[in-house]
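Colleague: Got a structure here, written out as structure tokens. Questions coming.
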Amino acid sequence: MEENSGDGHQLAINPSRTYVESSISSPRGSSLSNPQHAMNANEPTAAPAAPPAHEIAIVPPNGPPELRQQCYDVRIAVFVHEQGFPLDVEIDDLDPIAVHFLLRLEPSHKPIGTIRCSRSGSAAYYKLSRLAVLKEYRQYRFGRELVLALHDWVKAEAAANGSHDVVQIVSHSQIPVKGFYAKFGYAPEGEEFDEDGAPHQKMVARLPLSD
Numbered sequence: 001m002e003e004n005s006g007d008g009h010q011l012a013i014n015p016s017r018t019y020v021e022s023s024i025s026s027p028r029g030s031s032l033s034n035p036q037h038a039m040n041a042n043e044p045t046a047a048p049a050a051p052p053a054h055e056i057a058i059v060p061p062n063g064p065p066e067l068r069q070q071c072y073d074v075r076i077a078v079f080v081h082e083q084g085f086p087l088d089v090e091i092d093d094l095d096p097i098a099v100h101f102l103l104r105l106e107p108s109h110k111p112i113g114t115i116r117c118s119r120s121g122s123a124a125y126y127k128l129s130r131l132a133v134l135k136e137y138r139q140y141r142f143g144r145e146l147v148l149a150l151h152d153w154v155k156a157e158a159a160a161n162g163s164h165d166v167v168q169i170v171s172h173s174q175i176p177v178k179g180f181y182a183k184f185g186y187a188p189e190g191e192e193f194d195e196d197g198a199p200h201q202k203m204v205a206r207l208p209l210s211d
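Written out as structure tokens, the structure is:
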């Protein structure tokens, strides 16, 4: 369904889902040309607890600034306060033009997770970055929901823009979380490389637009 923000902006909302894979807050992306970082993928081995009621709001570039700020707040809590990355590189020049996905609890609308999708004007691919879930909610495996919500949006957007076959999504991944992305069809391309003092791998998913 859609929720009207009250000022003309439409926010697509995905209701609570029941995926059964681990949620992690990784990797953190920077921009299409700059590095991104990742958290360790400490996936729980036991069956997850039932997740609290939640939704994912899609915040376009012209969407309500307060919702985009809530995405920033989650990222700052995870990447700056928890991981120690500098605040001045966390919010970058892609943020105002990216599509942000805000995971929030229902009915309180407390923000607990986010992921970002961006695309440069000439690029033939989309970029997944800034995946983060607050620490106390990682047991519910919300990372998977955020990735799949981004995939759904990218496929719909690509089809609306005239693509007919396959859409490509790129993410840089720290080595410990390559397996997380492999579960969604991402495959490594090229050699490992160093970014911000940590080894990274370019991961690429090619998603069919028709099932």
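With the first letter of the sequence shown counted as 1, position 3 gets the number 3 in full-length UniProt numbering; the numbers rise by one all the way through. C-beta atoms are modelled at their ideal positions from N, C-alpha and C, and glycine is treated no differently.
Based on the DSSP output, what are the partners of Tyr126 in its beta bridges?
Modeller: Locating residue 126 in the sequence shown gives position 126, counting from the first residue. Per DSSP, Ile169.
Colleague: Tell me Val133's beta-bridge partners as DSSP assigns them.
Modeller: Residue 133 sits at position 133 when you count from the first residue of the sequence shown. Paired residue(s): Gly113.
Colleague: CB-CB under 7 Å to Ala77, same chain, minus the five flanking residues each way: which ones, in chain order?
Modeller: Taking the first residue of the sequence shown as 1, we reach residue 77 at position 77. Within the same chain, Ala77 has close Cβ partners Leu134.
Colleague: Run through the DSSP bridge pairs and tell me what Glu195 is partnered with.
Modeller: Taking the sequence shown and counting its residues from 1, one reaches residue 195 at position 195. Paired residues: Ala198.
Colleague: Roughly how many angstroms separate the alpha carbons of Glu195 and Pro61, rounded to a whole number?
Modeller: Reading the sequence shown from its first residue, position 195 is the one you call residue 195. Reading the sequence shown from its first residue, position 61 is the one you call residue 61. Roughly 28 Å separates the two Cα atoms.
Colleague: Between Asp165 and Leu209, is the Cβ-Cβ spacing less than 8 Å?
Modeller: In the sequence shown, the residue the question calls residue 165 occupies position 165. In the sequence shown, the residue the question calls residue 209 occupies position 209. Yes, they are a contact pair.
Colleague: On the criterion of 16 or more Cβ atoms from any shown chain inside 10 Å, does Lys183 qualify as buried, or is it exposed?
Modeller: Counting from 1 along the sequence shown, the entry for residue 183 is found at position 183. With fewer than 16 other Cβ atoms within 10 Å, it is exposed.
Colleague: With His81 as the anchor, note down where its beta strand (DSSP E) starts and where it stops.
Modeller: Residue numbering aside, residue 81 sits at position 81 when the sequence shown is read from its first letter. Premise fails: His81 is in no beta strand (DSSP E) and is neither H nor E.
Colleague: Rounded to a whole number of angstroms, what is the C-alpha to C-alpha distance between Ile56 and Cys71?
Modeller: Start at 1 with the first residue of the sequence shown, and residue 56 comes out as number 56. Start at 1 with the first residue of the sequence shown, and residue 71 comes out as number 71. Rounded to whole angstroms, Ile56 to Cys71 spans 11 Å at the Cα level.
Colleague: Can you look up Ala53 in the DSSP assignment and give me helix, strand or coil?
Modeller: As a first step, residue 53 must be located in the sequence shown, where it is residue number 53. Coil, per DSSP.
Colleague: Which residues mark the beginning and the end of the alpha helix (DSSP H) in which Val147 is found?
Modeller: For the purposes of this step, residue 147 is taken as residue 147 along the sequence shown, with counting starting at 1. Here the alpha helix (DSSP H) through Val147 covers 142-160.
Colleague: Looking at the secondary structure, which residues open and close the beta strand (DSSP E) in which Ser67 lies?
Modeller: Here residue 67 refers to the residue found at position 67 when the sequence shown is read from its first residue. One detail in the question is off: residue 67 reads as Leu in this sequence, not Ser. Leu67 -> not in any beta strand (DSSP E); alpha helix (DSSP H) instead, spanning 65-75.
Colleague: Mind checking which residues open and close the beta strand (DSSP E) that includes Phe180?
Modeller: As a first step, residue 180 is located in the sequence shown; it is residue number 180 there, counting from the start. No beta strand (DSSP E) contains Phe180, which is instead part of the alpha helix (DSSP H) from 178-182.
Colleague: Of all the options Val147, Arg119, Ser120, which has the alpha carbon lying nearest to the alpha carbon of Gly113?
Modeller: Indexing the sequence shown from 1 puts residue 113 at position 113. Answer by Cα proximity: Val147.
Colleague: In whole angstroms, what is the alpha-carbon distance linking Gln174 and Pro199?
Modeller: As a position in the sequence shown, residue 174 is number 174, starting the count at 1. As a position in the sequence shown, residue 199 is number 199, starting the count at 1. Straight-line Cα distance between these residues: approximately 6 Å.
Colleague: Compare the C-alpha of Ser108 against each of Gly179, Gln201, His54, Val89 and name the closest.
Modeller: In the sequence shown, counting from the first residue as 1, residue 108 sits at position 108. Residue His54 is the option with its Cα nearest to Ser108.
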